[in-house]
Structure formats: structure tokens, C-alpha cells
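Chemist:
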Amino acid sequence: MRQRSAVLCGAVVIAAGAVTAVPADAGTPRPAPAAAPAADLHWKKCATEDYPTLQCASLKVPLDHARPRGRQITLALSRVPHTAESYQGPLLVNPGGPGGSGLSLAGFVASSLPAEVAAQYDVVGFDPRGVGRSSPALDCLPGHFDPVRPDSLPDTPDVERANLTRAKAFADACGDTYADVLPYIDTVSAARDVDAIRAALGAEKLNYFGYSYGTYLGAVYAKLHPDRVRRLVLDSVVGPDDVWYDANLNQDLAFNDRHRAFLAWIAEHDAAYGLGTDPERVETAWYAMRAALAKKPAGGKVGASELEDTYLPGGYYNGYWPYLAEAFAAYVNDEDTGPLVEAYDNFGAQDASGDNGYSVYTAVECRDASWPRDWDDWRDDSWGLYEKAPFMVWNNAWYNAPCAFWPTESREPVDVANDELPPVLLFQATGDAATPYEGGVTAHRLLGGSSLVVEEGGGNHGITLSGNDCLDEHLAAYLSDGTVPRGDGGSAADAVCPALPDPTPLESKAASTSSRGSTLHGLLGFRG
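Count along the sequence shown from 1, then add 576; that gives the number in this note's numbering.
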């Protein structure tokens, strides 16, 4: 593969774009200047069938927190109010991304925690700057993921050029439309928004519960304001020393392992899927399907890149495996493309909210930290990894490739090391692909006094409030009275919970769509 890489080096003529000069920030952000007085929040009912007590409000915050009385933007908030006499303050929740909407997550968390625990908190969700119902909401290039895209595998100069052209067009569109906003779509600015939310809620200290990227946002907030943190829960922890280019390379290896676990599961259930009992044979069939779809997309819209988009969610949550396996088997055994197209529509297709989420994702990640501006670096790293882990390397590279052309200069990552916090509770699965296990161990080391609860043998991303009672008991105890487990120092983990069993093939499509895990992972989304 490296020989092919060398052949392509002279074939692509697109260069990394010019950068709008914005002062880069040091690894430890400076304290914010005195904020403008927080406006009162006016809560209104916005109940849904699932969350009948949900309320909504909006909050004005500075676009640039260094100029608190300058241009204002709007954050959309939600909450489920406390009902107990013993009130422990607001519990701010974030689903990750970056680019994920947290409005519905407040309702989910409030309804999934034990009732006596949830009743003691105002569970508060929010759409971070640029996201969803916050304003302005970014949408750099609507339809950027419309099918059929070029094959993600750049095995000819033309294919590589087509993918690079798409990436640069997206970055250019963001710069053209949001030049005045992009310098302020980043994690440090979002963390300052978190403190504005705290102040508007009238809380001296904040309780915070973040999944995925939300763990990095929480750790950055804690670095900025350690004295304002009361309780801090981080589930599926971003490796704080991998922000962000290296994090994506590490993901490629982990997602390949998780995809192989899925294929091995199919082999274990050959009676249901008829694809063979040998995992290597099943893997060969999957890549043969990919090659066929690259030539003839299923239903005119599921090509090779769309197939990868469809199967990526299986790396986040094994509850999707039965649906993905059925689509795979129908295509291979019966030449039936219908289930595959349905699976793409359910798991891989991007709608307007997805366009918004991707716009914020790129804006935050490209601004947060330095990315290579020389495409040769991306090419060499990706081809090198492809030899070991072909499943998602190139799809992931193109997903992040706008950062090679991004129109704003990058910050330095925040050093989140912190010995000034109350006890912090971390949750991590050993086989998590999106935020590999080592990141949780690193965060545990950097956050002094933290406790790490490990789901041994688990491979899902976002593991609390997803059906594992052992994990949820640790979460409930911490939110109830601050109790954390303490290990004996013999391992990284302070407590270990066994993973839930893998799913079984579907008996009916209604059988597994109503689980709490499926609901949570629908809220967390993918790529976060």
C-alpha cells in the first residue's frame, strides 16, 4: 500500500488552504474576563410524549467571551425540574459530538436515573453553540453527504482527487458563510458557555454528566473552574493527550477490532445468517460486498462509502448488530438490496440535523488543535494504518479532511491535568472503539482523586444508563451522596463491572428497538 501511496503523491494538485489569522491559545486557557450579568431564564413547557415534564428556555452568551458585552449568540436549554425537598442543584448533561444536541438527553437522563436520585436535581440539557436550536446554527454545505459519494478508498489518483475536492469545498463553504463565527466554535468557548449556564441557573457549583466528547468538554470546564465543580461524571472518556488528529488514528484501529467482533458474532450465529462459521470467511464476504457496491450501489444510493457509514454505528452499539447482519445476509445470500438500503436509511443517511452536527464537529475539532496541513502526512498515516485496519481508516480520514484546509488557525489542546477537584467518577468499556480504553486510564491519572469504573469485556460507547445495573449503581451512589469506589492501587480500575451479553438474532423487528440502550445511542449519535 505504501508503494501505491508513493505513486499518488504527485497526482493530487490540491494544496492545503490559506488560514485566517486568529491568535492561538496556550495549552492552559486564561481565566475569562468578568462576564456580563446573566439574564433571567424564562422556562416554558416543551413536553414530549416521552418526557412530559420537560421545559425549555434560551440564554444569550457572548460570541467572544473576551468581549462579554459584544455580539451575543443564543443557547437553547432544556430541563426536567427537581421534585424532592432535598435539592442538589443542576445536573448539566451533554451527549458528545462535538455537534450533538442535548435537549432530549435531559429528559432521558431524568427518566433513566432512579426516581429518588433524579428528583434531587434539575436535569439540564443544552444545544452547544452552533448546534440545533441554538443560534446561529451552522450548516456549512447542505447535502455534503448525499449519496453516492466517491469511494473512500483512494486507490487511483482520480478517486483521491475527488475526495480531496469534496473536503476542500466543505472547508471553503464554512469559511465563506461563517468567517465571523468559526474562530469562536471551539471547546474552550463552549466551556465558558457552560459557566454562563451555571450562573444563569443561580448555582454556585455545577454537577456535570458528559458522554464521549462531552467528557473532554467537562474536563476543560473543570480546568477553567475547578472551584465551581461539585460532581463530575465522565462516560466513555476522550484520551486528553490525543486531541484530535491522533485520536482519530487510534479510533481506526479500535473500530477495526470492533467490526471484526461483529463479524465473529455473525459467524457464531450462522444458523440465522448463513454466512459461514469462520469469522475470516465472513470478513471476506463483507469486503466482497463492499467491492461490489463500489461498482454498483444498492438502490442507487448505497455505494462503498455509504456502506461504511451504515456499519460504523455497529462499532458504537452492539444493539444494532442484528439489523446490520440481516442486511448483510440478504445482500450476499439472496441478492436482495432492500434490507441494505433500509439499514442505510436508518443508520447511515445524513439529514439536516446531521449536516448541522457535522458542521459543528469540524468547526470544533479543526479549531481545538493543530492538524497536518500537508496532505502527504495524512496519506502516509492512513495508508500505513490501512494495512492493519482497513474497515474505517479512509472513511475517517475523509470525514476529518476539511481540517487540512480549515480557514481558521488552531488553538493548542487544553492540558486538563487537575488536582483541585472533588472526587470525579469515570466510566470506560475495555473494547470501546470511539474512545479507546487507554484514554480513560490517562484521564484517571490526570484527574487527581478520580475513580475509574471499568466495564470488562464491553465494547459499546456510552455505557451508563444503557442497561448495565452494576454501572448504574455506581452512578446512582455518586449522584446520591458523592460515593465513589476506591481500588487497592493494584490496577487502573477502582471497580469492575462485567459487560452485558451480546444480542441475539432478531425474532421480530419490534423486539429490540425499545430498549434503553437503543434510546440512549440514538441520542448520542455517532462520530463522537
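The beta carbon of each residue, even a glycine, is placed where N, CA and C say it ideally should be.
Would you kindly report the start and end of the unbroken alpha helix (DSSP H) that includes CYS1073?
Modeler: No alpha helix (DSSP H) holds CYS1073; the beta strand (DSSP E) holding it covers 1071-1074.
Chemist: Since TYR784 sits in a beta bridge, which residues does DSSP pair it with?
Modeler: Answer is LEU668, LEU808, bridged to TYR784.
Chemist: Measuring CB to CB, does GLY1058 end up less than 9 Å from ALA1071?
Modeler: No. Outside cutoff.
Chemist: Compute the Euclidean distance between the alpha carbons of LEU800 and PRO915, then round it to the nearest angstrom.
Modeler: Each residue's Cα considered, the two are about 48 Å apart.
Chemist: PRO989 to ARG806, Cα distance in whole Å?
Modeler: Distance between the alpha carbons of PRO989 and ARG806: 24 Å.
Chemist: Have a look at the DSSP bridge pairing and note the partners of CYS632.
Modeler: BP columns for CYS632 point to LYS620, SER654.
Chemist: When DSSP labels each residue in this structure, what does ALA610 get in the three-state scheme?
Modeler: Bear in mind that a pLDDT of 46 at ALA610, under 50, signals an unreliable position, so the model cannot answer this.
Chemist: Measuring alpha carbon to alpha carbon, tell me which of ASP885, ASN976, SER688, HIS845 ends up nearest ALA745.
Modeler: Here the closest residue by C-alpha is ASN976.
Chemist: Tell me the residue span of the alpha helix (DSSP H) that contains GLU902.
Modeler: Run containing GLU902: 897-910, per the alpha helix (DSSP H) assignment.
Chemist: Give me, in chain order, the residues of the same chain whose beta-carbon lies closer than 6 Å to that of PRO704; leave out the 5 immediate sequence neighbours on both sides.
Modeler: These residues qualify, in order along the chain: ALA766.
Chemist: Tell me the DSSP secondary structure of GLU1032 in three-state form.
Modeler: GLU1032: strand per DSSP, three-state reduction.
Chemist: Taking 6 Å as the limit between beta carbons, can you name the residues of its chain near GLY701, skipping five residues before and five after?
Modeler: SER654, VAL669, GLY678, LEU679, LEU681, ALA682, listed in sequence order.
Chemist: Tell me whether ILE649 sits in a helix, a strand or coil according to DSSP, three-state version.
Modeler: It is a strand residue.
Chemist: Let me check one thing: in DSSP terms, what residues is ASP703 bridge-paired to?
Modeler: ALA652, per the DSSP bridge assignment.
Chemist: When DSSP labels each residue in this structure, what does THR984 get in the three-state scheme?
Modeler: Three-state result, THR984: strand.
Chemist: Beta carbon of TRP897, beta carbon of TRP982: below 9 Å?
Modeler: Against a cut-off of 9 Å, the Cβ pair of TRP982 and TRP897 comes out as no contact.
Chemist: Which class does ALA1005 belong to by DSSP, given the choice of helix, strand or coil?
Modeler: Reduced to three states, the DSSP call for ALA1005 is strand.
Chemist: Between GLY930 and VAL940, what straight-line distance do the alpha-carbon atoms span, to the nearest angstrom?
Modeler: So the alpha carbons of these two residues sit roughly 15 Å apart.
Chemist: For the stretch 1014-1029 against the stretch 782-789, are there 3 or more C-beta pairs whose distance is under 8 Å?
Modeler: Too few Cβ pairs lie closer than 8 Å, so no.
Chemist: Near GLN696, what residues of its chain come up, given a Cβ to Cβ distance below 7 Å and the 5 sequence neighbours on each side ignored?
Modeler: Around GLN696: HIS658, ALA660, SER662, TYR663, GLN664.
Chemist: What's the gap between the Cα of GLY1093 and the Cα of ARG645?
Modeler: Using only the alpha carbons, I get a separation of about 43 Å.
Chemist: Taking DSSP as the reference, what is the three-state secondary structure of ASN1044?
Modeler: ASN1044: coil per DSSP, three-state reduction.
Chemist: Across which residues does DSSP place SER711 in a beta bridge pair?
Modeler: DSSP lists THR650 as partners of SER711.
Chemist: Can you tell me the Cα-Cα spacing of PHE831 and LEU997, whole angstroms?
Modeler: Whole-angstrom Cα-Cα distance: 33 Å.
Chemist: Excluding the five sequence neighbours on either side, which residues of its own chain have a C-beta within less than 7 Å of the C-beta of HIS845, listed in chain order?
Modeler: Correct list, in chain order: PRO1081.
Chemist: Buried or exposed: where does GLU856 fall if 16 or more other Cβ atoms within 10 Å of its Cβ makes it buried?
Modeler: Answer is exposed; the Cβ neighbour count stays below 16.
Chemist: DSSP puts LEU1023 in a beta bridge; with which residues?
Modeler: DSSP output for LEU1023 lists ASN994 as bridge partner(s).
Chemist: For ALA682, which beta-bridge partners are listed by DSSP?
Modeler: Note: ALA682 sits in no beta bridge, so no partner.
Chemist: If you draw a straight line from the alpha carbon of LEU1047 to that of LEU1096, how long is it in whole angstroms?
Modeler: So the alpha carbons of these two residues sit roughly 15 Å apart.
Chemist: Going along the chain, which residues of its own chain have a beta-carbon closer than 6 Å to the beta-carbon of ARG709, five neighbours each way excluded?
Modeler: Once the five neighbours on either side are set aside, the close Cβ partners of ARG709 are ALA652, ASP703.
Chemist: Does DSSP put ASP822 in a helix, a strand or coil?
Modeler: Three-state result, ASP822: helix.
Chemist: Skipping 5 residues on each side, what residues in its chain have a beta carbon closer than 6 Å to that of LEU584?
Modeler: With a pLDDT of 30 at LEU584, under the threshold of 50, the modelled position of that residue is not reliable, and the figure given next carries that caveat. Result list for LEU584: PRO733, GLU736, in chain order.
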